[in-house]
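Chains W, S, F and U, in that order, are what the protein sequence lines are. For the first sequence, the working numbering gives the first residue as 1, with consecutive numbering after it. For the second sequence, the working numbering gives the first residue as 1001, with consecutive numbering after it. For the third sequence, the working numbering gives the first residue as 2001, with consecutive numbering after it. For the fourth sequence, the working numbering gives the first residue as 3001, with consecutive numbering after it.
Number of protein chains: 4
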Amino acid sequence: MVGHAFMGAAHSQAWRTAGRFFDLPLAPDMAVLCGRDAATTRAAADRLGWRDVETDWKQLLTRDDVQLVDVCAPGDVHAEIAVAALEAGKHVLCEKPLANTVEEARAMVAAAERAQASGVRSMVGFNYRRVPAVTLARRLVEQGRIGEVRHVRATYLQDWIVDPQAPLVWRLQAERAGSGALGDIGAHVVDLAQYVTGDRLTGVCGLTETFVRERPLPSGQGRGPVTVDDAALFLGRFASGAVASFEATRFATGRKNQIRLEVNGSAGSVAFDFEQMNELQFLDGGDDPEVAGFRRILVTEPVHPYAGAWWPPGHGLGYEHTFTHEIVDLVRDVAAGTDPVPSFADGLGVQLVLDAVARSAEAGSQWKEIDR
Amino acid sequence: MVGHAFMGAAHSQAWRTAGRFFDLPLAPDMAVLCGRDAATTRAAADRLGWRDVETDWKQLLTRDDVQLVDVCAPGDVHAEIAVAALEAGKHVLCEKPLANTVEEARAMVAAAERAQASGVRSMVGFNYRRVPAVTLARRLVEQGRIGEVRHVRATYLQDWIVDPQAPLVWRLQAERAGSGALGDIGAHVVDLAQYVTGDRLTGVCGLTETFVRERPLPSGQGRGPVTVDDAALFLGRFASGAVASFEATRFATGRKNQIRLEVNGSAGSVAFDFEQMNELQFLDGGDDPEVAGFRRILVTEPVHPYAGAWWPPGHGLGYEHTFTHEIVDLVRDVAAGTDPVPSFADGLGVQLVLDAVARSAEAGSQWKEIDR
Amino acid sequence: MVGHAFMGAAHSQAWRTAGRFFDLPLAPDMAVLCGRDAATTRAAADRLGWRDVETDWKQLLTRDDVQLVDVCAPGDVHAEIAVAALEAGKHVLCEKPLANTVEEARAMVAAAERAQASGVRSMVGFNYRRVPAVTLARRLVEQGRIGEVRHVRATYLQDWIVDPQAPLVWRLQAERAGSGALGDIGAHVVDLAQYVTGDRLTGVCGLTETFVRERPLPSGQGRGPVTVDDAALFLGRFASGAVASFEATRFATGRKNQIRLEVNGSAGSVAFDFEQMNELQFLDGGDDPEVAGFRRILVTEPVHPYAGAWWPPGHGLGYEHTFTHEIVDLVRDVAAGTDPVPSFADGLGVQLVLDAVARSAEAGSQWKEIDR
Amino acid sequence: MVGHAFMGAAHSQAWRTAGRFFDLPLAPDMAVLCGRDAATTRAAADRLGWRDVETDWKQLLTRDDVQLVDVCAPGDVHAEIAVAALEAGKHVLCEKPLANTVEEARAMVAAAERAQASGVRSMVGFNYRRVPAVTLARRLVEQGRIGEVRHVRATYLQDWIVDPQAPLVWRLQAERAGSGALGDIGAHVVDLAQYVTGDRLTGVCGLTETFVRERPLPSGQGRGPVTVDDAALFLGRFASGAVASFEATRFATGRKNQIRLEVNGSAGSVAFDFEQMNELQFLDGGDDPEVAGFRRILVTEPVHPYAGAWWPPGHGLGYEHTFTHEIVDLVRDVAAGTDPVPSFADGLGVQLVLDAVARSAEAGSQWKEIDR
C-alpha cells in the first residue's frame, strides 16, 4: 500500500478485517507499506499492521510478495503509480478521484485494459457504493422497482473550512489537489448517481465559488491564495432523459459529512442520507394509497447486501465498513478472474463529468456535453 | 356553550368552521355563550362568534334556541351541567375528562343512557382521536393489518411547570382539578390507547410524583402546597392480553406537547407522534424483508379520514382541526339519530383507569383491577 | 374576492378567521364573491361566507361596500383585474404568481406605485412566508445569527402527474398557466429564498423538462400536447455572492408537497421542511463544539411569530394558517397606512427570476443576468 | 477468551482493533481461544485471530501467556469461570449479564474485591455505555447541564421471535438463560439508566409476559414450553427522587434493536436512540426561548468521547466500536492499576434491579425495594 494518512488507515483496517467476517477465497497478506520517510512509515506500518516498509513505491513493483498495489497517495501521483504497477503485473486498487486530469485518467484506463488481457485487475475506490443501503438502492433500481428514472438529487455537504482562519492546506491548492470540493467530494456524488441509476450523465452546466480567497499559510507565516473551489453546484442530464442536480461544498455550516441522494422514478423513489447510513428510504408507487409512504428500511437484515456477514438485525455498521466491503469484492474478483467495479473506466466516467463541470464553470455556466 | 377559555376558543373555531368544509345535514347556529361575568362573556361571544350570552348555565336549558350544550367549563362542574342538560332534552358535548370522580362519571353515563332513550345524544371530547393519522391507525388495527395486539406504549410529555417559580394555578389544586398530569393529559393517552386498540384495560399499577411541592400563589403573596401529581407513570394489561406502558408528565424539559403512541401487533405496528401530526408510521409485517420498514404515511390523501374535505395532498392540518372533525361527526350523528363516540361510557372507561392508577399509586403501586 | 376554487376557499377561511384570534384594527366584512356562473358562485358564497355575489369582476370596482379586492382567479387575468382595481381605488391582494409575464407584472407594479400615492395598498400572496418557522428563519438571518449567507438550497417537490394517464388540465397548458412547475411552485421557493436571505438573485442558469409530452384530454376524448414544464432545475447567484440551487417538480414520486429550504451562513444555518411546518432547524455556529448541533425549534412559543395568538406551546398549526397570517398583516397595514409585503415589486422580482430561468432553459442553459 | 459465538466475534474484533486506533500502554496479545469442541474452536481461532486453543477453560488459568480472561460464554457459567480466574490472578472481562442469579453475582463481586487487593482487575461488559453519544450524555449529566434528574424513560425493543414458529432456542429456556427479554436486553437499559444518571434505582414494580408459550423444538421434532418472558415492563424510583419507566421486549414488530433512553432534568434533557447511534439529542433549558430546541449533536467531533481516534467529523461508527472502546479503557486501567468500570459491583447493581422486577412480576406487580 502506498500512503498511510487518513485513507491509508481506512484501507488498512479493511485489509485486516475483510477475512474475519467474510469467506475469502484468498488470504490477504499485508506485505509492505510505502511512505516517504522511513521512520514515520515504519511506525505507521506497525500501527496499521504491515509487515515491511519501502520508501520508494517503485520497489513495490519488483517484490514477489506484492501482488496488488493499493494506491492511497494524493491524486497527482495516482496515474504514475497505477500505470507502472499494472505494467508490472500487479493488481491495482486506486483511491478516488482516479486522477487529477482527464488525460491521466484516460492513460490509466488504457493501462487497465492492457493489463486486463493478462488477468491483471484494477478498481477505483468509490467506497460509498458499498454502504449496504446504497447497494440496496442500486439493486432496487436495477430490479425496476422505481420504474424509469426521472430525477436525481445529490448533495455532499461539509463545513470544515468555514472559518476563514483555517490554514491553506494542500487540499486548497490546485496544483496538488486538482480541484476543491468538486473533485474531493463532488466525485463521490457523481459516482453514486451514475451507479445507483446505472446510467451516465451526458451534459452538465455548473458554477463554482471560492468564498474565502486567501488564507494563512500552514507555516503560520504569511497568507496565500486559495486556488480551488470551496463549492460546486451543477445540473445535468442523463442518457435516459433523467435530470439531475448536484452540490458539493465545504461551507455548509453545521453539515459535517452529509451525503444525500434521492432518485425519483416513474414507479417509486429511493432516498439515502449518510448521516443515517444504515437506512434506506423507499417509496413503492404501487402501494395502496391508504398506507403508501416512504419506508425506512433498516439495511441490517441477512437479505441485505453485506449485512449478513456482520451482526444481528438492527446492529448498525459505520463508515469504515464500506472499505471492508470494497476489499471483499476486490479479493473475490481477483480470485475469480472477474473484473471488479467500479473499474478505471468508471473512474474516468466520473472524471469526465467533473471536467465538464469545471469547463462549464469557467465558461460562465455554459452547457457542456460529455463525450466518452 | 359553557366556558370561553382555551377549550372554548377551540370549540368555537370548530363550530364556525365545520360547515365550511364538510357537508353537514344540519346548520349549526351558535346561539349562546355562557360565562360567569357578563361583560367578559359578551366580549368573548363577539370574538368567538356567539350571538347571545348568559351568565347562569341553567338558563341555557330553558331556551328554545339551544338544542345542544357544549360543556367547556372545568371538570368539577361537568356532571352537574351535563346531567341537567340531558334531562332537559339537550344534546351534550362534554370536554374531557368526563368528570373528576368515578361517581360523577357514573351518574353522567346513567343520565346519558336515560336521555338516549328519547333521542338525546351525548359525546365526550377526546379530540385527539380525530387527528386523521390516529383515526387511520384505528382503521388499520380494525382491519387486522397489525394482527393481534401485543404492546401499547403511550406517553404525553409537557414541561410547562418545570420552573419551580411557576405559580400555583387551579390546575395544580386537587379540589378543582381532581388530579394533575394524570387526569389532564394522562386521560388523553388512555383514551387513545383504548380507542386505537378497540380494547379495554383490565388492570394497572402505577406511581405518581410531585417534584415541586410548594409554589408561589398566583396572587404573588405567599406560597401554597401543590396537591396534585406532576407526573404519573403506569403499566397495564388489556383484555386481549396485550401489555401497556403509560406516562403523563409536566416535567419533561423541552417536550411541549408530545403525545406518542405505538402499538405492536403480531402482524405489524403503528406509531404516532403528535409533533408530526400529519404522519402515521406503519409497519406491515407481511412486506418482503428486503424492503420492509416503517412507512411514513402522510395522512393527507383523499382516501384518508377527514383529509379529503380540506386541502390537496401534503398540505397539513393543525391542532384545531381535531375539534372541527369532532363537531362534524357529532352533528352528523345528531341528525342521523345515531350515537356519537366517544360516548359518556367511553369517558367513564377512561375515568375508571385513572381512578385505578390513583388508587394504585396511593397503595404503593399495588396492582388494581378495573371493574366495569 | 374573485375566484372560489382552492385558493378562494383558503382565502375565505383566512378572512373568516383572522379577527377571531388576532386583534385587528378593522373588522373585515366579507361583502362579495365574484365568479363566472351565478348559481355556482351563490352556492360557493354561502359555503365560504360571502354576503353577496357578482358574475362580472368589474362590478366589484363600482361597489361602495368593496374596499379591497382579493384576486384568486388564474394567473392570466391577474394583471387586468388588479390594475383596474387599483385604479378604482381598491386595495388589492393578488395571488401568486403576480402575472404570467414580466410585462404584465411590470404594469401591475406601476399601477401599485401610482395607487400607493393615494393610499391604496397592494400585496402579493406568497403565503409560505408566513409559516411561523419561515418568518422566524427570516428574523434570525436579519439578526445576523447565521452571519454572511453563502448557500441557499431550495426544492419544491410534488408528484401529482407522475401517472401518464392524468388528464391535460389547464395547469398543463402554457396559454393559460404561463408555465408549469416553474411558475406554479418554483415561484414559491424563489420568493422564500429571496425573503429569508433578504437578498436578490442576480443571475441564473437552468433547465426544464417535460417527461410526459402528451396526455388524455379532460373530456376523455383524445389526447393533447403538454405545453409546460413538468420540472425545472436552476442554479443562481445572489447579489451578496451567495450561490443557490433550486428545483421545482411535479414528478418526485412520493413527495406530495415537500418544500425544503436551507440557508448556510458564515456563522450558522437554518433549515425548513414544510412536511414539519411547525419546526425550524437552526445551527448556531457559536455553540460550544461539544454540544453543537442543529436545534429542532418547535415554533409554537409565545415569542415566535404569530404563534402567541393561537394555542399553547406544542399545539401546531396547519397549511391554512399561513393565509390567516397574511390577512392579519394586510389588514393591519391597510389600517396603519403602511405598505404590506410582499409587494407587487417583490412579485415582479420573482417573475424576473422565473423569466430568466425560462430564457436560460430555452437557450441551452445559458447564464442569464437578471436586470431590475 | 472463552466462547466464540456472537459475543466472541465482537470481542475479538475489538481486541484486534483497539491498538490500531488508540495509543495503548500495553500491547494485547490474543493468546488462547477456549471452546468445547477442538476442531470448531481451532477454526474459530483462525478466523478470529487467536494464536492457540483450549477446550477446557481451566487450562487458561494455568497458562503464563494468559493475563486476562474474557468471558463470552453463556450466563450460567459466568460465575464459576470468573471467580476461578480472579483467584488465579487473572484480570477478568465478563460479558453481561454478570450472572443469572443475584447469589452468583454477589460471589463474583466478593471475588473481585479480594482480587483487587492484589492488583487484579475486573469489568463487566455493558458495551452500550461506550457508544460515544451515551458517554457524552453521561458527561453532560455529570456536568450538571440538565440539572436535577426527574425522569428516565428507557426501552429496548426487538422483534426476533414474533413468529410463533421461531424455534425454542436456549435463550427461551429459563434454566440456561435465567430470564428472557428482561435479563438479555433489559439489563442493558437498566445499566444505561443508572450509568447516565449516575444514580441507583431503589425500588421497582413490573410485569412480564410470554405471548407465545409453546414453540417447536430446534430439532424440528415436537414442541416445548417457553419458560422465560417475551417482554418485561417496569417502573422505578431512583435514590435522587427521579422516576423511571422501562420496557424490554422481543415482540415489537418492526423494531430490530431499538434502544432508546431519555433523561429529563430540571435544566435540560438528553435523548438517545441506538438507530441513530452517532447522534445525541440535547436540550439546554437555558437557551433563549426563541431558538431553544433539542440539538441533534453528531457525536463525531474530536472533542467527543472516543471519536477523535477514528475518522473525521461526520464519519460515523457502528455497533462493534462499542467493544473496541471497552477494550481500550480496560487495557488502560490494567496498565495504570486503576479499577475499570462498569465494575462487577455495577453488574450486581443491575442484577439486583432485574431480580426485583422478576420478584415483583411474580407477586402481581407488587413494589419491591432494592437492597444493596
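Idealized CB from N, CA, C, for every residue including glycine.
is_contact[residue i, chain S] using C-beta, thresh 7 Å
i	result
leucine 2298 of chain F	yes
valine 303 of chain W	yes
tryptophan 2015 of chain F	no
glycine 293 of chain W	yes
proline 2313 of chain F	yes
C-alpha distance - residue i paired with residue j, whole-angstrom precision
i	j	result
proline 2340 of chain F	aspartate 2333 of chain F	6 Å
phenylalanine 1274 of chain S	glycine 2314 of chain F	9 Å
valine 228 of chain W	leucine 348 of chain W	21 Å
glycine 3144 of chain U	alanine 174 of chain W	48 Å
glutamate 103 of chain W	glycine 241 of chain W	28 Å
valine 3299 of chain U	histidine 3321 of chain U	13 Å
methionine 1 of chain W	aspartate 37 of chain W	14 Å
leucine 1086 of chain S	asparagine 1127 of chain S	21 Å
alanine 2044 of chain F	arginine 2129 of chain F	28 Å
isoleucine 2185 of chain F	glycine 2203 of chain F	19 Å
glycine 2183 of chain F	valine 2189 of chain F	10 Å
threonine 338 of chain W	arginine 42 of chain W	34 Å
valine 2066 of chain F	glycine 2198 of chain F	34 Å
proline 1167 of chain S	glutamate 1214 of chain S	9 Å
glutamate 2290 of chain F	glutamate 3301 of chain U	8 Å
aspartate 2400 of chain F	glycine 1008 of chain S	For chain F, the structure presents residues 2001 to 2372; residue 2400 of chain F sits outside this window and is missing.
glutamine 1097 of chain S	leucine 1354 of chain S	Just to set this straight, residue 1097 of chain S is proline in the shown sequence, not glutamine. Those two C-alpha atoms are separated by around 10 Å.
is_contact[residue i, chain U] using C-beta, thresh 7 Å
i	result
proline 2289 of chain F	yes
glycine 1285 of chain S	yes
asparagine 1264 of chain S	yes
phenylalanine 1323 of chain S	no
Cβ separation of residue i and residue j, assumed to be a contact under 8 Å, to the nearest whole Å
i	j	result
methionine 1108 of chain S	phenylalanine 1272 of chain S	At roughly 29 Å, the Cβ-Cβ gap does not stay under 8 Å, so methionine 1108 of chain S and phenylalanine 1272 of chain S are not in contact.
glycine 19 of chain W	proline 28 of chain W	6 Å
leucine 317 of chain W	asparagine 278 of chain W	6 Å
phenylalanine 246 of chain W	aspartate 230 of chain W	Phenylalanine 246 of chain W to aspartate 230 of chain W, Cβ: 15 Å. No contact.
valine 1071 of chain S	valine 1092 of chain S	7 Å
leucine 2026 of chain F	alanine 2335 of chain F	5 Å
Chain W contact for residue i (CB, 7 Å cutoff)
i	result
glycine 3316 of chain U	yes
phenylalanine 1282 of chain S	yes
Residue i at chain F interface by Cβ criterion, 7 Å
i	result
tyrosine 1319 of chain S	yes
alanine 1257 of chain S	The residue you asked about is not alanine; residue 1257 of chain S is asparagine in the sequence shown. Answer yes: the Cβ-Cβ gap between asparagine 1257 of chain S and chain F drops below 7 Å somewhere.
phenylalanine 3272 of chain U	no
Just checking, does the segment 3252 to 3261 of chain U make contact with the segment 3218 to 3228 of chain U on the three C-beta pairs under 8 Å criterion?
-> no
Taking only runs that begin and end inside the segment 1153 to 1183 of chain S, name each unbroken alpha helix (DSSP H) of 4 or more residues, in chain order.
-> 1174 to 1177
Using 8 Å as the threshold, is the segment 133 to 149 of chain W in touch with the segment 297 to 306 of chain W, meaning 3 or more CB pairs across them?
-> yes
The segment 1233 to 1247 of chain S in contact with the segment 1148 to 1167 of chain S per 3-pair CB rule at 8 Å = Touching, yes, given that three or more Cβ pairs across the two stretches are closer than 8 Å.
In chain order, each alpha helix (DSSP H) run of at least 4 residues that lies wholly inside the segment 1023 to 1104 of chain S = For the segment 1023 to 1104 of chain S, whole alpha helix (DSSP H) runs of length 4 or above, ordered along the chain, are 1038 to 1048, 1057 to 1062, 1078 to 1087.
Does the segment 2348 to 2361 of chain F come close enough to the segment 2098 to 2108 of chain F to have 3 or more Cβ pairs within less than 8 Å?
-> These segments touch.
Taking the runs of the beta strand (DSSP E) that are 3 residues or longer, which of them lie wholly in the segment 2253 to 2321 of chain F?
-> Counting only unbroken stretches of 3 or more residues, the beta strand (DSSP E) elements lying wholly within the segment 2253 to 2321 of chain F are 2258 to 2265, 2268 to 2273, 2279 to 2284, 2294 to 2298, in sequence order.
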